[in-house]
Amino acid sequence: MDCLFCKIVSGEIPSYKVYEDDFVYAFLDIYPCSEGHTIVLPKKHIPSFTDMEESDASKLFGSVNRVAKTVEMILDVPGLNIGINNGEIAGQSVPHVHVHIIPRREDDNGGSMHTIVETHPDKKNIAELAEKIKNAF
Ligand SMILES: [Zn+2]
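Per my numbering, residue 1 is the first one in the sequence shown, and the count goes up by one each step.
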């Protein structure tokens, strides 16, 4: 498969691997947003997070938790952003689901999840929207 991340997992393309288990592979991003920026992904090719089976998503996030704790400890940072760009519109540049772990430091000029999109939608239908989502399960 012509997928950059599948080639990294297989070793066809070299990477700075930091962790591997039966389900995931983790490596340092070579275009880091901050020192220690780490990518965690499932070894099998799954295009996006919302394409994942819930059991696979659980395994992925179990390992993300393990890697995040280690990155935080080794880099001795006070916090991390942990997130997924899900879909091209959301900034996903490689169509193989992956989680970013981005170490944060004082005065790094970074933002929070609330700074990604700021369209400030009208909230008059928020209760109706909550019902609609709740009733879809
Ligand atoms: Zn892939």
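Note that beta-carbon positions come from the ideal geometry of N, C-alpha and C, so glycine has one too.
Asked                                                                                             : Found
Nearest-residue set for ligand 1, Cβ under 5 Å from any heavy atom                                : C3, F5, C6, H45, H96
3 or more residues per run - each beta strand (DSSP E) lying fully within the segment 42-93       : 79-83
Of the residues V71, I102, I39, the one placed nearest V9, counting alpha carbons only            : I39
Contact belief for C33 with I101 at Cβ below 8 Å, rounded distance in angstroms                   : Not quite, the Cβ-Cβ distance comes to about 10 Å (not below 8 Å), so this is no contact.
CA-to-CA distance, N86 to T50, given in whole angstroms                                           : 8 Å
Proximity winner among G11, R66, D29, relative to K43 (alpha-carbon distances)                    : G11
Counted within 10 angstroms of its Cβ, other Cβ atoms place Y16 as buried (16 or more) or exposed : exposed
Within-8 Å CB hit, I82 to chain D                                                                 : Judged by its chain identifiers, the structure shown contains no chain D, having just a single protein chain.
Reduced DSSP secondary structure (H/G/I, E/B, other) of T115                                      : helix
A130 (DSSP reduced to helix, strand or coil)                                                      : helix
Proximity winner among S48, G62, L4, Y31, relative to F23 (alpha-carbon distances)                : G62
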